[in-house]
Structures are given as structure tokens and as C-alpha cells.
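Here the structure is laid out as C-alpha cells; the discussion comes afterwards.
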Amino acid sequence: MSAGKINFLTFTLLLLMPSASRQQIPSDCVIKREQEKCMEMMALEDSDSEFDCLWFWDNLTCWQPAKVGDMIQVNCPELFSQYMSEEDYTLRKVSRNCTEFGWSEIFPHYIDACMYEEGNISHPDDFYVSVKALYTVGYSTSLVSLTTAMVILCRFRKLHCTRNFIHMNLFVSFILRAISVFIKDSVLYAEEDSDHCFIHILECRAVMIFFHYCVLSNYFWLFIEGLYLFTLLVETFFPEKRYFYWYIVIGWAGQTLTVLVTSGFVFQQEHRRCVCWDMNDNAAIWWVIKGPVLASIMINFVLFIGIIVILVQKLQSPDIGGNESSIYLRLARSTLLLIPLFGIHYTVFAFSPENVSKRERLVFELGLGSFQGFVVAVLYCFLNGEVQSEIKRKWRSWTVNRYFAVDLKHRHPSLASSGVNGGTQLSILSKSSSQIRMSSLQAETPAT
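Our numbering numbers the first residue of the sequence shown as 1 and each following residue consecutively.
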């Protein structure tokens with residue numbers, strides 16, 4: 001097959017691919033990656049090979065060397081794997097014969113063997129568009145709710161304590177995670193036909209490093225929530241401020257080494273390739289990131305069991321006061337719900353191969369995972385009794401001030417015209433009221 005004919009075939013197939021699915025892995029990057037693999041295998045081949053048909057890259061598939069009379073059968077190109085089900089991809093094959101004149105034409109043709117048929121296979125682009133819409137709504141909802149929760153906790157000084165500072169850091173980690181997803185989408189898929197494989201390599205790699213840092217920070221701060229509650233229950237005298245500094249170090253700096261090591265490994269393996277680090281063939285490298293996340297989840301599950309045991313013992317103890325017991329219960333209810341809620345799905349998919357259950361993984365990690373920030377904001381802020389009491393107190397104070405300001409303005413227009421504001425009127429009223437109460441008290445008190 002001539003080079004011109006092959007290039008035309010490649011171009012035609014790219015046009016026939018669903019454009020929205022390119023948002024999973026851009027087609028040109030898949031082709032480039034497969035070509036580089038083929039070139040590496042060619043370079044390792046002995047130049048004095050006895051094969052009649054040598055290594056051959058046809059712009060879609062790498063054909064291994066063969067002797068005359070051999071038929072080489074391979075799977076459809078990797079390019080097609082994201083546009084069909086796993087079962088279909090493993091069943092569909094293409095072949096070439098090695099003849100005395102060289103390689104034969106491919107049979108069956110790529111279009112006949114590998115392209116999905118209308119009506120028989122569901123359009124994958126609909127699925128990926130739906131997932132993207134789902135996680136966009138999820139991260140947007142989380143971003144708004146977490147920002148609101150941060151404003152509330154920062155605004156009221158009575159809510160400033162170590163426990164809420166840890167909650168605020170967890171909120172920030174979720175906010176950064178949502179922002180990193182939006183940045184990743186904007187850099188990788190700014191336009192439907194953007195070629196991030198060739199244009200945005202440095203930007204893309206920097207974004208992926210930031211994204212993995214945010215994901216790790218997220219899980220580390222969830223681990224710190226469990227660790228804080230466990231320490232609070234175990235330690236009799238708990239130096240919260242001293243521990244809080246260590247929490248900051250673990251939550252924001254502990255994962256830096258992990259991300260740098262992963263980036264170093266990936267760079268060493270892929271720096272000569274045209275690859276953005278959103279995909280990697282070596283699954284072992286990703287365990288440098290998966291390992292700490294799984295470790296934090298497993299430790300959290302151990303803490304989960306320990307917290308339940310200690311909590312039951314403390315609540316049964318007569319030495320625990322009602323107020324202290326209420327604090328333990330509130331914090332435990334939120335933390336114990338988050339640990340299994342955020343850990344189970346990651347644990348299940350961490351041990352499954354990357355090419356298994358792709359759709360389920362996407363739905364859980366991107367779809368449902370995008371709403372985790374919203375759940376955190378609801379549990380730790382909006383349903384928090386202290387937060388609700390403080391908001392109600394502030395609302396009552398504002399309502400009373402507004403009522404007296406308006407009432408005095410209508411009753412004493414001369415005061416309003418003389419430049420005395422509502423706050424001054426209210427203070428005058430308060431002073432006179434206290435004087436009246438004092439005089440009445442003195443009148444009721446018998447002389448001694």
C-alpha cells in the first residue's frame with residue numbers, strides 16, 4: 001500500500017471518528033504513541049534478520065516481521081478501542097499476508113473490521129458527553145457550596161477553632177480539586193480539534209502535575225479529619241495548636257514528594273515521546289500516586305473502627321458531660337460517614353486493571369466523585385449546629401437593629417434630621433433602659 005493511500009485512509013478514519021469521544025484520548029496522540037512504540041521495536045530488531053517481510057508501520061498498526069507464507073493477525077488499532085465495547089475490540093481482527101512481493105493488502109479493511117455499525121453499537125460520544133456534563137454540574141455545585149461554607153466559617157469569629165480550621169483546609173482541597181479539573185479540561189480540550197499532543201505538551205504536563213497534587217491533597221485532608229477525631233478521643237490533654245501545624249505539613253506538603261517522584265518516573269519514560277501525562281502505559285508508575293491514597297484510605301478504615309469502639313466506651317462512661325458528649329457525636333457522625341463514603345469506590349477500582357470497567361470507573365470517579373465537595377460542605381457546615389446557631393443569632397441581631405432603626409426614625413424625625421443614626425439611637429435607648437431597670441431594682445431592694 002502506498003504512503004499516500006495510507007495517509008488518506010488515516011485522515012478519512014479520523015474524520016469518521018466521533019468528535020466528542022476525542023475528549024477521552026485525542027486520536028492523533030494515540031496514533032503518535034503507537035508509532036513511537038513501533039519505532040522502538042524496530043530499533044531493537046537485528047539488522048541481519050532472516051525475515052522476508054520486515055517491521056511495517058502503516059500509520060495505524062505496527063506489523064511484526066514474518067516469513068513468506070505467514071499470515072499475521074492483530075487486533076484493531078488502539079485508536080478504535082475507545083469507540084467500541086471491550087468485547088468487540090478483543091474479537092475484531094485485521095490481517096496481512098507475507099508474500100514474496102512483500103506485505104499484502106490488509107484484510108478485512110479497517111473500515112469494515114473496526115468501525116462500529118450504526119444501530120448495533122451505541123454511540124460512545126453520547127456517554128462521554130453525558131459524563132462530562134455530569135461532572136461539570138457536580139464540580140460547579142461543589143465549588144459554589146464550598147466557597148459559601150468557607151465564607152461562613154471565616155466570617156464568624158466564634159466558629160474559629162482547630163476543628164473548623166481543619167474543615168476549612170478540607171474545603172480548600174476540594175475547591176482546588178474542582179479548579180484543577182476545569183483547568184485540565186480547558187488546556188487539553190479548549191477546542192474540539194485541539195492538538196494538545198503537539199502544541200500544549202508543557203502546559204498539559206504542568207496541569208496534570210497540579211491535578212494529581214490536588215487529588216492527593218484531597219485524600220490526605222480526609223485522612224487528617226479521621227486522625228484528628230481519633231486523637232481527640234484518645235488524648236486526655238490534646239495540644240491542638242501544636243498538632244495543627246503537623247496537620248498542615250501532612251495535608252499540603254506530604255504529597256509533594258509523591259507527585260515529584262511520579263513526575264520524574266513518567267518524565268524519564270516519556271520525555272522523548274509526544275505524550276501528555278494524562279495517559280501512561282506503565283500502570284506500575286501510577287502506584288506511586290495510588291499507593292499513598294490507598295494507604296490513607298486503609299488507615300482511615302482502621303481509625304474508623306477504633307473511633308467507633310472508643311466512642312461507645314466514652315458515651316457509656318458517666319464522667320462524660322452532656323455538652324462534651326454532644327460534640328463527640330456531631331463530629332463523629334460527619335467524619336464516620338465521610339470515611340466509607342469517599343474510600344470504598346476508590347479502593348474497589350484501584351485494584352482493577354485500567355482497561356477493565358472503564359465506563360463504571362468514569363461514572364464513579366468523575367460523575368459521583370464531583371459531588372463529594374457538596375456533601376462535605378453540607379455535613380461540616382450547613383448541617384453543623386454551631387453554624388446554624390451563629391447564623392440565626394446574626395440574623396436576629398440584624399433584624400432587631402433594623403427594626404429599631406426604622407421604628408425610631410418614624411417616631412422621632414427630629415433625631416433623624418439632626419444626624420443621629422439608628423445605631424446611636426439604639427445605644428441611647430439601651431442606656432436609658434438599663435438606667436430604668438437599675439432604679440426600679442434599687443426601689444425594690446429594702447434598706448439595710
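From the three backbone atoms N, C-alpha and C, an ideal C-beta is built for every residue, glycine too.
- Looking only at F220, A295, M115 and P108, the smallest Cα-Cα distance to S81 is reached by M115.
- Setting aside the 5 residues that flank it on each side, M42 is surrounded in the same chain by W55, each with a C-beta closer than 7 angstroms to its C-beta; the list follows chain order.
- Put simply, the backbone Cα of M208 is about 7 angstroms away from that of K184.
- In the displayed model, R96 falls within a strand according to three-state DSSP.
- For G102, DSSP records a beta bridge to T99.
- With respect to the 8 angstroms criterion, L338 and L232 are not classified as neighbours on the basis of their beta carbons.
- Close CB contacts of M168 within its chain, under the 8 angstroms cut and outside five residues either way in sequence, are with M150, L153 and C154 (chain order).
- Sequence-distant Cβ neighbours of Y135 in its own chain, meaning closer than 8 angstroms and more than five residues away, are V181, L366, G367, G369 and S370.
- With respect to the 8 angstroms criterion, V68 and T99 are classified as neighbours on the basis of their beta carbons.
- By the CB criterion at 8 angstroms, E34 and C62 fall inside the cutoff.
- With a beta-carbon spacing of about 6 angstroms, S142 and A178 fall inside the 8 angstroms limit used to define contacts.
- Within a 10 Å sphere around the beta-carbon of N384 sit 16 or more other beta-carbons, which makes this residue buried.
- Taking S296 as reference, the option from V249, L227, E240 and A332 with the minimal CA-CA separation is L227.
- DSSP places V74 in the uninterrupted beta strand (DSSP E) bounded by M71 to N75.
- Contact check for V261 against V288 passes: the beta carbons are separated by less than 8 angstroms.
- Around the beta carbon of Q388, fewer than 16 other beta carbons sit within 10 angstroms, so the residue counts as exposed.
- Counting only the Cα atoms, N59 lies some 15 angstroms from R96.
- Take the alpha-carbon of F374 and the one of F301: they are about 22 angstroms apart.
- Per DSSP, R242 is one residue of the alpha helix (DSSP H) stretching across E240 to A253.
- C161 carries a coil assignment under DSSP once its states are collapsed to helix, strand and coil.
- About 13 angstroms separates the CB atoms of V259 and Y219; that is not less than 8 angstroms, and the two are not in contact.
- Residues E390 of the same chain have their beta carbon placed closer than 6 angstroms to that of F156, with the five preceding and five following residues left out of the count.
- The beta carbon of K158 is closer than 7 angstroms to those of E390 in its chain, skipping five residues each way along the sequence.
- Nearest neighbour of G251 by Cα position, chosen from L176, L315, I310 and F304, turns out to be L176.
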